[in-house]
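First up is the structure itself, then whatever we jot down about it.
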Amino acid sequence: MKKRQIAILGSTGSIGSQALDVIRQHPDHLEVYALTANHQADLLIRQAREFKPEMVVIADESKYRQVKEALSDRPVKVWSGSDAIVQVVEAAPIDMVLTAMVGYAGLKPTIQAIKSGKAIALANKETLVIAGELITQLAVEHKTPILPVDSEHSAIFQCLAGETQNPIDKIILTASGGPFRTFSPEQLEKATPQEALKHPNWNMGAKVTIDSASLMNKGFEMIEAKWLFGVNPEQIQILIHPQSIIHSMVQFEDRSIKAQLGLPDMRLPIQYALNYPKRLKSNFEALDFNKFNTLTFEEPDTNRFRNLEFAFEAIRKGGNMPCILNAANEVVVAAFLENKIGFLEMSDLIEKAMQTIPWIESPVYEDFVETDKATRKIIIHEMK
């Protein structure tokens, strides 16, 4: 049986590392063809020595020599720079590209992978937030499948299996509520990055964990769901589900609801995407209902967590507004992690950007590039 050749963009991050764990469990079905990383050279080297890819890319060009010399005894091509990440996805043997890069950086290589006809396992939700219409059009044009890796979208995807003739009435995206679910506005004003990074259920990277604490992550997932499943924002409901056992649900026109359940473990949706349409046996811990005999739900509070409402505003406005939302969020999250601004200040600055940056109704790729630059510039200026 031919092994599926996988390129992992962002192999040293949380999703990339867990994807390698999945591949490690299924060496008869999956094989690493390419690995890319931003700056974690030491980990990239260890991964390359274990999985023996054809090529690796370190985006940080100052670390090229370190990676090249460390792998000099292996028959592996070593490249560097962000352009090399875009080029690597074009390699003919690659069957699937797992886009696990964080933020805006994932947009260009995802576009190139689609144009190269590679199946996309999408973990970089910002790609669809920034340019959902462009990405979905390209996927149709190049007949490229986009398989969701986010646990919520994987859940929806699984619920829709066998339902191609049945229209969706409503998608219900569940959210844990993050570490600040019960915080008062006064507590949120004093919240620290260290507190925000203590997610109650999930093991994620710093950026995604902060987005979860502010509910921006759920706003991004709402936008992503719109493009992945062809629904309107009005058909997407957000529910806080602190136990993180039901990963999302789909309601059909007959009012029947299907849900996908499991323990909070990102390896499960990663494995489902990498092996789709097959379900392979795993050693993941199974859900024991005796331990989770109470599942609760509540409405999100958009007065305390304004970012969720900003996301709905952005997608209703359309055009380059979601790109503005994403760029502003990337800058303020980085600033919050560095203790330069407070938790609630992130929302103030995002709102400022959405009110200031010129709106473009029908943007092309170059408009997204310029919008991203302009938004980052104004946020940095506002923080001085």
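So the sequence shown is numbered by the numbering used here: it starts at 415 and just counts up by one.
Every residue, glycine too, gets a C-beta built ideally from N, C-alpha and C.
Query raised in the report: Alpha carbon to alpha carbon, what distance is there between L739 and T785?
Result: 10 Å
Report task. May I ask you to report which of helix, strand or coil DSSP gives H567? Result -> helix
Query raised in the report: Taking only runs of the beta strand (DSSP E) that begin and end inside the region 604-655, which ones reach a length of at least 3 residues, in chain order?
Result: 650-654
Query raised in the report: Between which two residues does the alpha helix (DSSP H) harbouring R418 extend?
Result: Looking at the DSSP string, R418 is not in any alpha helix (DSSP H); the run it does join, the beta strand (DSSP E), is R418 to L423.
Query raised in the report: Which stretch, first to last residue, makes up the beta strand (DSSP E) that contains Y447?
Result: L444 to A451 is the span of the beta strand (DSSP E), which, as asked, contains Y447.
Report task. Take K695 as the anchor and find which of R669, S425, H440 and I422 has the nearest alpha-carbon. Result -> H440
Requested in this report: Buried or exposed for T606, please, with buried defined as at least 16 other CB atoms from any protein chain shown within 10 angstroms of its CB.
Outcome: exposed
Query raised in the report: Where does V470 sit, in a helix, a strand or coil, going by DSSP?
Result: strand
Query raised in the report: Can you list, in chain order, the stretches of the beta strand (DSSP E) that have 3 or more residues and sit fully within the region 506-559?
Result: Counting only runs of at least 3 residues, the region 506-559 fully encloses the following beta strand (DSSP E) elements, listed from N- to C-terminal order: 510-513 and 533-536.
Query raised in the report: Which of helix, strand or coil does DSSP assign to P562?
Result: strand
Query - Same chain only: Cβ atoms within 7 Å of P685, ignoring 5 sequence neighbours per side - result: The question names Pro, but residue 685 is Gln in the sequence shown. Closer than 7 Å at Cβ, skipping near neighbours: V436, L694 and S696.
Query raised in the report: Going by alpha carbons, who is nearest to K692 out of L423, G546, A575 and E504?
Result: Minimum Cα-Cα distance from K692 among the listed residues L423, G546, A575 and E504 corresponds to A575.
Report task. Using the Cα positions of R418 and K532, report the straight-line distance between them to the nearest angstrom. Result -> 12 Å
Query raised in the report: Can at least three beta-carbon pairs, one atom from the region 478-489 and one from the region 578-585, be found at a separation below 8 Å?
Result: no
Query raised in the report: CA-CA distance, G546 and E540?
Result: 9 Å
**Report entry** Assigned secondary structure, H795 (DSSP; H/G/I helix, E/B strand, else coil)
**Finding:** helix
Report task. Check V664 in the structure and name its three-state DSSP category. Result -> strand
Report task. Would you give the residue range spanned by the beta strand (DSSP E) that T588 belongs to? Result -> I582 to A589
**Report entry** Contact check, A687 vs S568, beta carbons under 8 Å
**Finding:** yes
Query raised in the report: Apart from the five residues on each side of it in sequence, which residues of its chain come closer than 6 Å, Cβ to Cβ, to G592?
Result: Closer than 6 Å at Cβ, skipping near neighbours: S626 and A627.
Query - Helix, strand or coil at Q657 [DSSP, three-state] - result: Coil at Q657, not helix or strand.
Query raised in the report: DSSP puts A575 in a beta bridge; with which residues?
Result: According to DSSP, which records beta bridges pairwise, A575 is partnered with nothing at all.
Requested in this report: Give the DSSP-derived three-state secondary structure of I774 in the structure shown.
Outcome: coil
Query raised in the report: Apart from the five residues just before and just after L552, which ones in its own chain have a Cβ nearer than 8 Å to its Cβ?
Result: I525, I528, K529 and T558
Query raised in the report: At which residue ranges does the region 657-729 contain complete alpha helix (DSSP H) runs of 4 or more residues, listed in the order of the chain?
Result: 681-689
Query raised in the report: Can you tell me the Cα-Cα spacing of L423 and P523, whole angstroms?
Result: 9 Å
Query raised in the report: Just reading off the beta strand (DSSP E) that S494 is part of, what are its end residues?
Result: K491 to S494
Report task. Write down the C-beta distance between Q799 and I659 rounded to the nearest angstrom, noting that I regard them as a contact closer than 8 Å. Result -> Residue 799 falls outside the range modelled here, since the chain spans only 415 to 798, and no answer is possible.
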